[in-house]
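Q: Numbering (UniProt numbering), first residue to last: 1 to 384.
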């Protein structure tokens, strides 16, 4: 029995020695310490580089200060001032660029804009969406009217009867005539007018009446201008002296009603013609008469054509721009049935011509195309 126990004890496996674990632990600790040493060395190199840069900057500043003969703090102050100036210049440039962009955007949105409510341009009767007057005008009148193409597109063609009625209805005038046989004088009283057409942009007119005798037209009388009314009451009396009764029978009394325009030729609304041979001057005559068209008989022959132009006024700059675009259906003046037309433009104030300009001459045409612009300097105070 004792021998058997010895063999079993001899066959049992031997336990590993703890020395190997200690070796592994020592190697791990050694490797970890090597990595920490590398990190510490990197940090040390970075710190040393930063210190070297600071020392180089300090040395450079000291060298510059010594060369310029000024202390270090003064050099630092100069550098700061230069930096502030550079930043200020950059800020001003950026701000100026922003303003230019805003002004360009504003010009794109409001190109050619002008407030016609505050600026009365040539007694106009029409204002389009762009606030620029661009219209066709008959050459016998200077009243601004809508574009002919726009009228033909939007308006329906009226009947002949309706067109005749619309032409005839220009309003009516009341007057009184008194002839004095003792003094050979004719007293004419302009009493009132009613139902006049609106020729101004606000839907009214500024009417006044001219009174004269045909055919001489030597003496003319004018009533006062009544502002913004279609039914003016005048009650003004004018006397034609030295008119013998026999001569009066060969004369025609004319009442011509005009619409006053501040900046252009006054528009004639209509007229009343009274042949004195058809009235009894022995008694006082007071009556109403319908206003007749100025053209009268052969009116189509009196038409001289149409002109298309545009007006633009800038109150801030005080500039009035006139663009002569084209003309159509002009009167034949040459032997060959054509003309050599050009346009004259005059700037008037209180009956005085301030400036005048003219377009180029278009040869042998009755429908000239110009597209020429002219600029006048007109302060806003004069426009008002």
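Using N, Cα and C, we set each Cβ at its ideal position, and we do this for glycine too.
Go ahead and pull the three-state DSSP assignment for residue 317.
A: coil
Q: Among 375, 85, 236 and 100, which one has its Cα closest to the Cα of residue 357?
A: The option with the nearest alpha carbon to residue 357 is 375.
Q: Would DSSP call residue 330 helix, strand or coil?
A: coil
Q: Taking DSSP's pairing of strands, which residues face residue 270 in a bridge?
A: 257
Q: Counting along the chain, where does the beta strand (DSSP E) carrying residue 285 start and finish?
A: Counted as a single uninterrupted DSSP element, the beta strand (DSSP E) harbouring residue 285 occupies residues 285 to 290.
Q: Can you tell me the Cα-Cα spacing of residue 325 and residue 365, whole angstroms?
A: 15 Å
Q: Short of 6 Å in beta carbon distance, which residues of its chain neighbour residue 348, apart from the five on each side in sequence? Order them along the chain.
A: none
Q: In the DSSP assignment, the alpha helix (DSSP H) including residue 380 goes from what residue to what residue?
A: 380 to 383
Q: Secondary structure at residue 181, three-state DSSP: helix, strand or coil?
A: Coil at residue 181, not helix or strand.
Q: Do the CB positions of residue 188 and residue 211 come within less than 8 Å of each other?
A: yes
Q: Verify whether the separation of the beta carbon atoms of residue 236 and residue 255 is less than 8 Å.
A: no
Q: Any heavy atom of the ligand ADP closer than 7 Å to the CB of residue 293?
A: Inclusion of the ligand ADP in the displayed structure is not the case, the ligand content being empty and no account of it being possible.
Q: Mind reading off the beta-carbon distance from residue 172 to residue 290? Whole number of angstroms is fine, and I expect it under 8 Å.
A: About 5 Å separates the two Cβ atoms, so the contact holds.
Q: Note down the Cα distance separating residue 98 from residue 63, rounded to an integer number of angstroms.
A: 43 Å
Q: Please tell me whether residue 223 and residue 190 are closer than 8 Å, where the distance is taken between their beta carbons.
A: Cβ distance < 8 Å, so residue 223 and residue 190 count as in contact.
Q: Indicate whether at least one CB of chain B lies closer than 8 Å to the CB of residue 85.
A: The structure shown has no chain B; it contains just one protein chain.
Q: Below 8 Å between beta carbons: does that hold for residue 259 and residue 228?
A: Not closer than 8 Å, so no.
Q: Going by DSSP, what residues sit across from residue 175 in a beta bridge?
A: Under the DSSP definition of a beta bridge, residue 175 partners with 190 and 287.
Q: Quick check on residue 150: does DSSP put it in helix, strand or coil?
A: For residue 150, the predicted structure reports a pLDDT of 44, less than 50, and the residue's modelled location is therefore unreliable. The matter cannot be settled from this model.
Q: Which residues in the same chain have their Cβ closer than 7 Å to the Cβ of residue 194, if we skip the five residues on either side of it in sequence?
A: 171, 172 and 231
Q: Could you tell me which residues DSSP pairs with residue 322 in its beta bridges?
A: 311 and 374
Q: From residue 184 to residue 345, what does the alpha carbon distance come to, in whole angstroms?
A: 45 Å
Q: Starting from residue 248, trace the alpha helix (DSSP H) both ways and give me its first and last residue.
A: For residue 248, the enclosing alpha helix (DSSP H) covers residues 245 to 248.
Q: Mind checking whether residue 305 and residue 338 have CB atoms under 8 Å apart?
A: no
Q: Using 10 angstroms around the beta-carbon of residue 234, count the other beta-carbons present and answer buried if the total reaches 16, otherwise exposed.
A: buried
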